[in-house]
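In what follows, a single structure is set out as structure tokens and then discussed.
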Amino acid sequence: MPELPEVETVKRAIADHALGGEITSVRQSGKTMRWPIPEDIDAQLTGLTIHNLRRRGKYILMDCGKGKTASVTMILHLGMSGSVRIYPKRMTPEAQKHDHLILGVMRQDQRENTVVLNDPRRFGGVQITAFGADEQHPLINKMGVEPLGNAFSAEYMKEQFQGKSAPIKSTLLDQRIIAGIGNIYASEALFLAGISPKRAARSVSLMRLEGLKDSIQTVLNKAIDAGGTSLRDHVQPGGEIGYFVQQLNVYGKEDQPCPNCAKPIKMIRQTGRASFYCSDCQR
DNA sequence: AACAAGACCTGCATGC
DNA sequence: TGCATGCAGGTCTTGT
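All residue numbers for the first sequence refer to the numbering used here, where the first residue is 26 and numbers rise by one.
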């Protein structure tokens, strides 16, 4: 599921229900995710206050510490199939299959919540690093710019795409260049920008990159808004965080009519991933 | 160096 | 119904 907008939505939901609270319990499944969850994560987090929730690319960063000083940052990635559920403690059901991390949090208003990370495929993972050291962390230190941040521009893309013969679709998925775009929003952004996913990254003009920059930001912001909208209803009855009622133009719509020209949407495979596009509207 | 392919996992839809 | 196949929103490692 999770690309940047979904990760942002999950981050906000955790913030809404746990920010400022104290971690009273930590349980883990004992199963290895992308890496083992730190064996002593219980000892590392129990008793700490959750000071801040941040996002870097597709990673959620949770700053925690004793009292008012943050000391550690929990780094969380949802992989392909990761999700988070949040319950009031007294309504928390039995742990479900593939629940890998379960945090009990006592908030300042004395309500107690349970935050559950579930990930069937276990491509996600959890790590802990010293507070302030996250930008140097090996998972994060090679990541490119935030597509919704100030450093992201057409000029930046032009420079980064220099000499890249790989298709632009694959290049948009390279987290070392832009952090947070995944398979769905890459196709969607290219559709909005009218750029063929097959085009070599280096061959896209600065002018068209201006359009692509806008398209990327539009698509991501809309998806975040959609997640945010459902977030306002707080947590769903099942504990699930209500992300996205997303309106997609091309992703998953092979053979369906293009919203612009009504010609059938095509599906191709690029570096092992499905890409969807309109061969008339995208050049 | 840059790129593609393979590997890691489980669950679900499809077709026989 | 059972079984095999292929596919899934990510990223790391290996091979060309």
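Just so you know, even glycine gets a beta-carbon here, dropped at the ideal spot from N, CA and C. Computed from a prediction, not measured in an experiment: that's the story for all the values here.
To the nearest angstrom, how far is the alpha carbon of residue i from that of residue j?
i: Phe177; j: Arg115; result: 44 Å
i: Asn143; j: Gly55; result: 13 Å
i: Ile206; j: Ala251; result: 17 Å
i: Ile39; j: Glu47; result: 13 Å
i: Ser300; j: Asn208; result: 8 Å
i: Leu44; j: Tyr112; result: 14 Å
i: Lys291; j: Pro282; result: 10 Å
i: Gln204; j: Leu198; result: Looking at the sequence shown, residue 204 is not Gln but Ala. C-alpha separation (whole angstroms): 8 Å.
i: Asp88; j: His162; result: 14 Å
i: Gln69; j: Gly104; result: 23 Å
i: Gln121; j: Asn285; result: 43 Å
i: Thr71; j: Gly107; result: 23 Å
i: Arg257; j: His76; result: At Arg257 the pLDDT is 48, less than 50, meaning the model places this residue with poor confidence and gives no usable figure here.
i: Pro145; j: Asp239; result: 35 Å
i: Asp65; j: Ile127; result: 14 Å
i: Pro222; j: Phe156; result: 39 Å
i: Val229; j: Ser96; result: 44 Å
In this structure, how does DSSP classify residue i when only helix, strand and coil are distinguished?
i: Arg257; result: Confidence in Arg257 is poor, its pLDDT being 48 and thus under 50, which makes the residue's placement unreliable; the coordinate value appears in the next sentence. Three-state DSSP puts Arg257 in coil, outside helix and strand.
i: Gly129; result: strand
i: Met232; result: helix
i: Glu137; result: strand
i: Met105; result: coil
i: His42; result: helix
i: Ser54; result: coil
i: Glu119; result: coil
i: Tyr276; result: coil
i: Glu28; result: coil
i: Glu47; result: strand
i: Thr94; result: coil
Cβ of residue i within 8 Å of Cβ of residue j?
i: Ile249; j: Glu33; result: yes
i: Ile165; j: Arg37; result: no
i: Tyr210; j: Val244; result: yes
i: Leu231; j: Ile220; result: no
i: Thr154; j: Thr98; result: yes
i: Ser212; j: Val275; result: yes
i: His123; j: Ile62; result: no
i: Ser195; j: Gln295; result: yes
i: Met182; j: Leu215; result: no
i: Gly264; j: Arg110; result: yes
i: Gln200; j: Met168; result: yes
i: Lys278; j: Asp305; result: no
i: Met131; j: Thr49; result: yes
My assumption, with CB atoms under 8 Å, is that residue i sits in contact with residue j. Please give the rounded CB distance.
i: Ile100; j: Val35; result: Incorrect: roughly 14 Å between the Cβ atoms, too far for contact.
i: Gly129; j: Thr139; result: 6 Å
i: Gln187; j: Arg227; result: 6 Å
i: Arg52; j: Arg147; result: 17 Å between Cβ atoms; not a contact.
i: Gln242; j: Pro192; result: Not a contact, Cβ separation roughly 21 Å.
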